[in-house]
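Participant:
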Amino acid sequence: MRALLLFSALASAAEIRSVTVDASKVIGPLRNLQGSNGCNTTATAALPIPLHDLQEPLARLWPSHGIQHVMIYTWPDVFLGWGLSGTAGDATRPENYNWTDADATVRFILDHGAVASVQFNPDAGMNATLSSAALLGDIGFMIADRYMNGAHGAGFHNALDLIDFYPEEDLYAARNADYETSFAYFAGFARGVARANSSLGVGAWGSNRIWTPQTNYTLTDPFITQFYQDCAEQKVPIKAATYHFTNAQYSFDPYDIKRLTDAFRRNVLVPAGLSSLPVWVTEFDGNPGGALPTSASALASYNDPAWFASFNLAVSMYAQDADGLEQALPWTGFGYGGYGAGNASFPAWFNETDGEPVPLNAAAAWRLQADLVVNASSRLEVRGSSPDGFAVLAGRSATADEVQVLLNNYQLDYDIPRQIAAVMAPELNTSTTADPIIQSNGLLNGEQACLLPGTAAVIPVCQTFLEATVRNNTSQGYQLNITNLPWDATTSYEVQIARVGGGQVYHVVQEAIGSGNSFEITLDLPGNAQDLVKIRKAK
31 MRALLLFSAL ASAAEIRSVT VDASKVIGPL RNLQGSNGCN TTATAALPIP LHDLQEPLAR
91 LWPSHGIQHV MIYTWPDVFL GWGLSGTAGD ATRPENYNWT DADATVRFIL DHGAVASVQF
151 NPDAGMNATL SSAALLGDIG FMIADRYMNG AHGAGFHNAL DLIDFYPEED LYAARNADYE
211 TSFAYFAGFA RGVARANSSL GVGAWGSNRI WTPQTNYTLT DPFITQFYQD CAEQKVPIKA
271 ATYHFTNAQY SFDPYDIKRL TDAFRRNVLV PAGLSSLPVW VTEFDGNPGG ALPTSASALA
331 SYNDPAWFAS FNLAVSMYAQ DADGLEQALP WTGFGYGGYG AGNASFPAWF NETDGEPVPL
391 NAAAAWRLQA DLVVNASSRL EVRGSSPDGF AVLAGRSATA DEVQVLLNNY QLDYDIPRQI
451 AAVMAPELNT STTADPIIQS NGLLNGEQAC LLPGTAAVIP VCQTFLEATV RNNTSQGYQL
511 NITNLPWDAT TSYEVQIARV GGGQVYHVVQ EAIGSGNSFE ITLDLPGNAQ DLVKIRKAK
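All letters in the sequence shown, in the order written, are residues 31 to 569 by our numbering.
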């Protein structure tokens, strides 16, 4: 069957993307990257960031949105003996722990069909007057023994996947002097975890400086340039290199998740002898600082739920092609949004009501992708996906009775990063930033920005990033051609095309019945909208 729908003549041929899917060519699995970072515990009650994953109405939606992995953003400080001597400070003694909050959080995640990971960063752990590598090793052992082996009657078995050790330890340039201590503490903790259970591993450092620019203003970052080599040479067990993709506010380019991951493996992990080490992006978001666009039109574009959903989904879709990337977790994740340092606002996925959560575009788009990666996880060859924001993934079901194609038309109002760059430029340390600070295209120049303290608009940290560029995705539609559907030419099939965006959070664009082993359609697709095309063999 050849199904063809033409859209408005206002769209030129150059604005229609040609997409071809060969349903006979499986090129590997589609990974489930549907996780979330933001699950709170009671320890977050005093924080300025309300995190909401740990709520029954939201957690009931995890399965339908494909969420099988949840990172606990604020792990409660389970050890009670910091700074104490004698038996009261002995980290090998069970009575010196309070597991109440941690147990409740892990059980909640498991009970809702996901596995948990942990951000481990108790305040005392990096305090040299209170902590030590040996002490952290004992704490790591006790955590792993409890949640992986069920020690002391806890009732847990293989409940954790990863512990991310002191994420963002390299974020502040002033902390570089602490590298040797930090490495010793990581090594002690990781070896303690491994003593208890080798399946639970430790990662580091949730870095914001994963990119290592070679410029005369580059600050040395031993947490990147030295750490992985030290792990290899000293045989320190490490499960994953972790970083935070939180440096996109200068270009809002979701494809950078692939560029950064690939370059990090090529330039850091391979020379260190860790060529096969998995990479986890344990946090990603578009703009971690408080700087916002200054014009009403750009601010409206920035606050548009459709734009946020499209950026979020594009990061996750492009992550499928990042070399050795095993997880990419959005933050603040699957919930109602919140506020962070610098008064940064993190957009909501749902509106909170007295009843069920009301999905916004981000949640609805996440659910489209969940359908693909859960129900059609054999990845198919696609032609027509582009790094410029027009992303396409396709898959086939294990029983070969369904083919799905997910299309995302990410487009950016470039006044957003230009105006953010203008706000941030006066706050940058010019000795550690490119000259001139602003490119001729209005975007931030260079590959590193160190922000000065003393302002509420930004966080005084150093970040590295790929230089901001302007992409040119002006697509308004697509022509999709699917060949070699996994049945013969006489077989009937059903088609459904569901859309998120285009003025509605979710609606079905088309339902049809056809026959044959190929399918073609041309449809409009507004900027920052997503389509999921599903073709199912008729019963």
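Note that the Cβ used here is the ideal one computed from N, Cα and C, for glycine as well.
#1: So, at 6 Å on beta carbons, what are the nonlocal neighbours of TYR247 in its own chain, with the 5 sequence-adjacent residues on each side left out?
#2: Determine contact between the segment 144-151 and the segment 190-200, defined as no fewer than three beta-carbon pairs at a distance below 8 Å.
#3: Would the segment 262-270 and the segment 222-233 be scored as touching if the rule is three or more Cβ pairs under 8 Å?
#4: Report all residues from its chain with a CB closer than 6 Å to the CB of HIS142; omit the five preceding and five following residues, and keep chain order.
#5: Here's the rule I'm using: 16 or more other beta-carbon atoms within 10 Å means buried, otherwise exposed. How should THR71 be labelled?
#6: I need the boundaries of the beta strand (DSSP E) containing ARG221, first residue and last residue.
#7: Please state whether the Cβ-Cβ distance between THR272 and GLY303 is less than 8 Å.
#8: Please work out which residues of its chain come closer than 7 Å, Cβ to Cβ, to ARG289, disregarding the five sequence neighbours upstream and downstream, and give them in chain order.
#9: Going along the chain, which residues of its own chain have a beta-carbon closer than 6 Å to the beta-carbon of THR324, five neighbours each way excluded?
#10: Run through DSSP, which three-state label would ASN67 get?
#11: With distances taken from CA atoms, which of LEU192, GLU541, VAL345, ASN157 is nearest LEU63?
#12: Contact defined as beta carbons within less than 8 Å: I believe LEU359 pairs with GLU313. What is the distance between those atoms, to the nearest angstrom?
#13: Could you give the DSSP three-state label for HIS537: helix, strand or coil?
#14: In angstroms with no decimal places, state the Cα-to-Cα distance between LEU60 and ARG409.
#15: When we look at the beta-carbon of ASN381 and count the other beta-carbons within 10 Å, is it buried (16 or more) or exposed?
#16: Kindly indicate which residue of ASP175, TYR366, ILE254, ARG221 has the alpha-carbon position closest to the one of ASN238.
#17: Do three or more CB pairs link the segment 154-171 to the segment 209-225 at distances below 8 Å?
#18: Identify every residue that forms a DSSP beta bridge with PRO360.
#19: Select from VAL403, LEU436, ALA421, ALA328 the residue whose C-alpha is nearest the C-alpha of SER427.
#20: Using a 10 Å radius around the Cβ and a threshold of 16 neighbouring Cβ atoms, would you call PRO106 buried or exposed?
#21: According to DSSP, simplified to helix, strand and coil, what is PHE138?
#22: Using the rule of at least 16 other Cβ atoms within 10 Å of the residue's Cβ for burial, across every protein chain shown, is VAL108 buried or exposed?
#23: Specify, as a first and last residue, the run of the alpha helix (DSSP H) that SER170 falls within.
#24: Could you give the residue range of the beta strand (DSSP E) that holds ASP561?
#25: Under 7 Å from any heavy atom of the ligand ZN, does the C-beta of ASP208 make it?
#26: Taking the alpha-carbon of ALA393 as reference, which of THR429, ARG529, SER505, LEU322 has the nearest alpha-carbon?
#27: Nearest-angstrom Cα distance between TYR285 and ASN502?
#28: Does the pairing of the segment 451-471 with the segment 167-178 give three or more beta-carbon distances under 8 Å?
#29: Looking only at its chain, what residues have a beta carbon closer than 7 Å to the beta carbon of THR520, apart from the 5 residues adjacent to it on each side?
#30: Measure the Cβ-Cβ separation of LEU458 and LEU482 and say whether it is below 8 Å.
#31: Can you tell me the Cα-Cα spacing of HIS187 and TYR332, whole angstroms?
#32: Taking the straight line between their C-alpha atoms, what separation do you get for SER54 and VAL412?
#33: Suppose the cutoff is 6 Å on Cβ atoms and the five residues either side in sequence are ignored; what does the same chain contact list for GLY557 look like?
#34: Looking at the strands, I want to know which residues DSSP matches up with GLU524.
#35: GLN478 and THR494 - do their beta-carbons sit closer together than 8 Å?
#36: Leaving out five residues on either side along the sequence, give the residues of the same chain with a beta carbon under 6 Å from the beta carbon of SER38.
Facilitator: Walking through what the data contain:
#1: Excluding residues within five positions, the ones whose Cβ falls inside 6 Å are THR462.
#2: Judged by pairs of C-beta atoms under 8 Å, the segment 144-151 touches the segment 190-200, as three or more such pairs exist.
#3: As far as the Cβ criterion goes, the segment 262-270 touches the segment 222-233, which means the pair count is three or higher.
#4: Closer than 6 Å at the Cβ level, and outside the excluded window around HIS142, lie ALA89, TRP92.
#5: Only weak support is given to the placement of THR71: the predicted model assigns it a pLDDT of 49, under 50, and the value that follows is read from those uncertain coordinates. Burial check for THR71: the Cβ neighbour count within 10 Å reaches 16 or more, so the residue is buried.
#6: From DSSP, ARG221 is part of no beta strand (DSSP E) but of the alpha helix (DSSP H) over 209-226.
#7: Note that the C-beta distance between THR272 and GLY303 is not below 8 Å.
#8: Excluding residues within five positions, the ones whose Cβ falls inside 7 Å are LEU496.
#9: Counting only Cβ-Cβ distances below 6 Å, and skipping sequence neighbours, we find GLN449.
#10: Looking at ASN67 - three-state DSSP - the assignment turns out to be strand.
#11: Scanning LEU192, GLU541, VAL345, ASN157 for the CA closest to the CA of LEU63 turns up VAL345.
#12: Their Cβ separation, rounded to whole angstroms, is 6 Å, which keeps LEU359 and GLU313 in contact under 8 Å.
#13: DSSP places HIS537 in strand when its eight states are reduced to three.
#14: Each residue's alpha carbon lies about 5 Å from the other.
#15: Around the beta-carbon of ASN381, fewer than 16 other beta-carbon atoms lie within 10 Å, marking it exposed.
#16: Looking at the Cα atoms, ILE254 is the closest of the given residues.
#17: Counting Cβ pairs under 8 Å, three or more are found: they touch.
#18: Answer is PHE314, bridged to PRO360.
#19: When each option's Cα is compared against that of SER427, the closest is VAL403.
#20: Buried: at least 16 other Cβ atoms inside 10 Å.
#21: In the structure shown, PHE138 sits in a helix (DSSP, three-state: H, G or I).
#22: So VAL108 ends up on the buried side.
#23: According to the sequence provided, residue 170 is Gly. The question's Ser does not apply to it. Boundaries of the alpha helix (DSSP H) around GLY170: 163-179.
#24: Boundaries of the beta strand (DSSP E) harbouring ASP561: 560-567, taken from the DSSP string.
#25: The ligand ZN is not among the ligands present in this structure, which contains no ligands whatsoever.
#26: Out of THR429, ARG529, SER505, LEU322, the CA that lies nearest to the CA of ALA393 is found in ARG529.
#27: For TYR285 and ASN502, the distance between alpha carbons rounds to 13 Å.
#28: Counting Cβ pairs under 8 Å, fewer than three are found: no touch.
#29: Apart from the 5 residues on each side of it in sequence, THR520 sits with its Cβ closer than 7 Å to the Cβ of SER545 in its chain, given in chain order.
#30: The answer is yes: Cβ separation under 8 Å.
#31: Rounded to the nearest angstrom, the two C-alpha atoms are 43 Å apart.
#32: For SER54 and VAL412, the distance between alpha carbons rounds to 11 Å.
#33: Only ASN439, GLN441 meet the Cβ criterion.
#34: In DSSP, GLU524 forms a bridge with ILE543, ARG566.
#35: Closer than 8 Å, so yes.
#36: Low confidence applies to SER38: its pLDDT is 42, below 50, so where it sits in the model is not reliable enough to give any reading.
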